[in-house]
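What follows is a set of notes on a single structure, which appears directly below.
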Amino acid sequence: MSIPENLMYTAEHEWVAIEGGVASVGITDFAQQALGDVVYVSVPAAGTEVTAGEPCGEVESTKSVSDIYSPVDGEVLESNPEIDDDPGLVNTDPYGAGWLLKIRLSDDAEPAGLLTAEEYTALTKEAE
Amino acid sequence: MTTPDPAKPRDTPLRGVHDRLGASMTDFAGWLMPLRYHSETAEHRAVRTAAGLFDLSHMGEISVRGPGAAAALDYALVGELSAVPPGRARYTMICAADGGILDDLIVYRLAAEEFLVVANAANTGVVLAALTERAAGHDAGVTDQTDGYALIAIQGPAAAGILGPLASVRLDGVRYYASQPATVAGRDILLARTGYTGEDGFELFTGPADAEHVWSALAAAGAGAGLVPAGLAARDTLRLEAGMPLYGNELGPDITPFDAGLGRVVKLGKAGDFVGRDALAAAAAAAPRRVLVGLLGGTRRVPRHGYPVLWDGQRCGEVTSGAPSPTLGVPIAMAYLEPAAARAAETAADGLAVDVRGRAEPARLTPLPFYHRTSSRT
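Protein chains in written order, with this note's numbering: chain Y, 36 to 163; chain P, 17 to 394.
Structural data, given as C-alpha cells:
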C-alpha cells in the first residue's frame, strides 16, 4: 500500500499537496483499494467555495459511494478534466493522473488538521 | 475441541487459496469470502468472455433422503419435486404459510429417494429448520451437510473447454440443470450444469479436503484460456445483468413468487397440500400488487438498493438492486413498481427517475434480463 512521504493526508483518506497557495487533492491508495473499481467521480466546478471538513463531491464505485471531503478552506481552481472519461485513473494512479481537485487556499497559513504520512500510515493500520 | 467464536466469520476450505491470491475478503453471512481478487470489473468481464472460478462453499447443502423424500419436498416447497427425474435439478422456493418467500433454492434430485437442497448461506439455518419440521410425518430424513461440501463454480463460455479434459464424463452429455457424480482431477465430485451468472458453467460439489486440489487443477488448466478467480462482487453484477433475483433484495418474507415475476415456480397443479398453497392460490388469482422491472440509468450515478423510484416526480417504487453494468456500460437496476406506474412507464418515453441521494436521475424501463448469452444451451 502506497503512502508517499511528501504528501499530507486527512482522516477521510484524501491526500493533499500544497504549493504556492494551491492545494492539489485526491484520494489515497488505501481509499481506492477499499472502494474497488471507480465508475464515476463528481467534483465541484471551478469557482466553488469549499470548506475544510465539508463534503464536496462523491466517488462512486461498483459497490459503493464515498463522499470527498475538502481538506482545506478555499475556492476550486480546477477539477481533473480526464476523470470524467476515465474514472479508473483513481484506481490506477491515485496520487498522479487520478488527482481530483486543485483548490486555491483562502488563507496563507498551513491548514489545520492535516496528517503526516507517518500519522496517516498509523491510521490505516488501525482501520485494517 | 475449540468452541467457535460466534463473532468471527468461518473460513471455507479454500481460505489458503484466497490468501495466496491476495483476495480482499469480506464477512458474508458469517463466512469469510473473497469479495474481489484484483478488479471486480475485470473478473466480471472474464466470466462473460472466457471463464471465472468461484468459491461458493458458504452455500448451504441439505440432504433429504428416504422413500418419502419426494412427497416431503412436494409438501415443503412450492415446486413439484416428485416430477423431477433423477439426475435433474430445479430452481424453486420455500415459502411461509402466508406465501412469503423464506429462501430460493436449487434442488438436485440425485436418486429416486435422495435430494440435495442448496440454500443461500444466510438462510441455511431457517431452511434446515423448516424442512425438518415439514418433513415430519413423511418417511424422510433431513440432514445439514454444509460442512461436508465445498463448492467451486467455473462459469463462462470457456468453462466447458477448460473442465472437459479434467472430467471423467463427457460434458456435452451433461444438460443444463442436470447433475451427475463424476471425478475431476481424480477426485470424486457431484457435477452440476447450474450457475448464477447467465453464462454456461458448472458447479462442482467436492469434499472439503479435495477443494484445493480441484481448484488448483482448474486454475492450471484454465490459465491459457483466460480463466481468472472471481469474487462475490463480480458474482453480484453478473447475476444482476442476467436478471436473477437475490434473496434479501428482490426476494424476502414479505414478497411472494408472483410479486417477483416467478409465479412459474409455484406448481398449484401438483397433488396434495403444500405450505403456502392457499395464500399462493389467492395471490395467483389476484391482481398484481407490485411489478419487478428492469431499469437502465440515464446518467452515471447508480440507482442502488432502497433508492426511491419516481414517476412524474412522485414516488412509485423502490430499487432492489443496482450496479454499474460492465457489459452494458450504463447503470442497471431492478425495482419494484406500483403496477399503474409500470404500465404508464412502458408507453411513455420519459417520466421515470430514480432519487439518487437527493437528485432525480432519469431512468427507463427495459425488459429483463439485461443480458442474454449468445451461445445455445445443450
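Here a beta-carbon is modelled for each residue, glycine too, at the ideal position from N, C-alpha and C. Remember, predicted model here, so these are calculated numbers, not experimental data.
Can the beta-carbon of residue i be found less than 7 Å from the beta-carbon of residue j?
i	j	result
V309 (chain P)	A241 (chain P)	no
L167 (chain P)	S73 (chain P)	yes
A208 (chain P)	S195 (chain P)	yes
C91 (chain Y)	V100 (chain Y)	no
L256 (chain P)	A339 (chain P)	yes
A127 (chain P)	P101 (chain P)	no
N265 (chain P)	S341 (chain P)	no
A302 (chain P)	A174 (chain P)	no
P355 (chain P)	V307 (chain P)	yes
Could you name the residues of the same chain whose beta carbon sits closer than 8 Å to that of residue i, not counting the 5 residues immediately before and after it, in chain order?
i	result
W50 (chain Y)	P39, L42, M43, Y44, V60, G61, I62, T63, P129, Y130
L182 (chain P)	V200, A201, A233, L234, A237
L284 (chain P)	R293, L296, A297, A300
E362 (chain P)	L381
N139 (chain P)	G76, L118, D119, Y263
R383 (chain P)	Going by the sequence as given, residue 383 (chain P) is Pro instead of Arg. Here the set comprises G310.
A137 (chain P)	F44, A45, G46, W47, H74, M75, G76
As a quick exercise: from the options, pick the residue whose alpha carbon is nearest that of residue i.
i	options	result
N55 (chain Y)	Y:S99, Y:G148, Y:A144	The amino acid at residue 55 (chain Y) is misidentified as Asn; the sequence shows Gly. G55 (chain Y) has its Cα closest to that of Y:A144, out of Y:S99, Y:G148, Y:A144.
G13 (chain P)	P:E257, P:A360, P:F274, P:A369	Nothing in the structure corresponds to residue 13 (chain P), since chain P is present only between 17 and 394.
A83 (chain Y)	Y:E153, Y:R139, Y:F65	Residue 83 (chain Y) is actually Thr in this sequence, not Ala. Selected option, being the one with the closest Cα: Y:R139.
L149 (chain Y)	Y:V100, Y:A132, Y:G88	Y:G88
V94 (chain Y)	Y:A52, Y:I118, Y:E154	Y:I118
V372 (chain P)	P:P319, P:M260, P:S184, P:D328	P:P319
F70 (chain P)	P:I348, P:I78, P:H34, P:A99	P:H34
P385 (chain P)	P:G277, P:A287, P:L353	P:G277
T148 (chain P)	P:A92, P:F221, P:E130	P:A92
I271 (chain P)	P:A112, P:S98, P:R26, P:R52	P:A112
R36 (chain P)	P:A174, P:D226, P:A23, P:W231	P:W231
G374 (chain P)	P:T343, P:L344, P:R331, P:A360	P:R331
D120 (chain Y)	P:E354, P:A360, P:V325, P:R316	P:R316
T159 (chain P)	P:A135, P:L179, P:I170	P:A135
T28 (chain P)	P:A249, P:Y165, P:E59, P:G115	P:Y165
At what residues does the alpha helix (DSSP H) containing residue i begin and finish?
i	result
R61 (chain P)	56 to 65
F65 (chain Y)	64 to 70
G115 (chain P)	Per DSSP, G115 (chain P) belongs to no alpha helix (DSSP H) and is neither H nor E.
S232 (chain P)	227 to 238
K160 (chain Y)	152 to 162
A45 (chain P)	Premise fails: A45 (chain P) is in no alpha helix (DSSP H) and is neither H nor E.
R106 (chain P)	No alpha helix (DSSP H) holds R106 (chain P); the beta strand (DSSP E) holding it covers 105 to 111.
V33 (chain P)	31 to 36
L248 (chain P)	248 to 257
R316 (chain P)	Neither: R316 (chain P) is in no alpha helix (DSSP H) and is coded neither H nor E.
Y91 (chain P)	85 to 92
T222 (chain P)	No alpha helix (DSSP H) contains T222 (chain P), which is instead part of the beta strand (DSSP E) from 217 to 222.
In the DSSP assignment, find the beta strand (DSSP E) that holds residue i and state where it starts and stops.
i	result
V74 (chain Y)	73 to 77
E113 (chain Y)	109 to 114
V158 (chain P)	157 to 160
W50 (chain Y)	49 to 54
T45 (chain Y)	From DSSP, T45 (chain Y) is part of no beta strand (DSSP E); its letter is neither H nor E.
L353 (chain P)	347 to 353
E93 (chain Y)	90 to 96
I118 (chain Y)	Taken as a continuous stretch (DSSP letters only), I118 (chain Y) belongs to no beta strand (DSSP E), as it is neither H nor E.
Our contact map puts residue i next to residue j with C-beta atoms below 8 Å; I'd like the distance itself, whole angstroms only.
i	j	result
R389 (chain P)	G214 (chain P)	6 Å
G141 (chain P)	R64 (chain P)	Not really, about 34 Å apart at Cβ, beyond 8 Å.
V80 (chain P)	A105 (chain P)	Contact flag wrong, Cβ pair sits at about 14 Å.
L267 (chain P)	I117 (chain P)	5 Å
Q67 (chain Y)	N126 (chain Y)	5 Å
R305 (chain P)	D275 (chain P)	7 Å
M49 (chain P)	T57 (chain P)	19 Å between Cβ atoms; not a contact.
G211 (chain P)	G217 (chain P)	4 Å
L144 (chain P)	I78 (chain P)	6 Å
V281 (chain P)	T108 (chain P)	5 Å
A39 (chain P)	G247 (chain P)	6 Å
Y53 (chain P)	P245 (chain P)	5 Å
A52 (chain Y)	G109 (chain Y)	The Cβ separation is near 14 Å, so there is no contact.
Y104 (chain Y)	E47 (chain Y)	5 Å
L344 (chain P)	V325 (chain P)	Contact flag wrong, Cβ pair sits at about 19 Å.
P146 (chain Y)	V107 (chain Y)	5 Å
Which same chain residues end up closer than 6 Å to residue i when comparing Cβ atoms and leaving out the 5 residues on each side of it in sequence?
i	result
H154 (chain P)	G84, A87, A88
R393 (chain P)	Annotation note: pLDDT 49 at R393 (chain P) (below 50); position unreliable, no value reported.
R31 (chain P)	none
V78 (chain Y)	G92, S114, L135, L136
S184 (chain P)	A198, T199
Leaving out the 5 sequence neighbours to the left and right, which residues in its chain are closer than 7 Å to residue i when beta-carbon positions are compared?
i	result
T97 (chain Y)	G71, D72, V74
A364 (chain P)	none
P312 (chain P)	A quick correction: the sequence has Leu, not Pro, at residue 312 (chain P). Cβ neighbours of L312 (chain P) beyond the five flanking positions: V346, I348, A379, R380, T382.
E129 (chain P)	R81, G82, P83, A85
message = Give me the subset of the region 38 to 61 of chain P whose CB atoms are less than 9 Å from a CB atom of chain B, sorted by chain position.
response = Reference to chain B is not applicable here, since the protein chains of this structure are Y and P.
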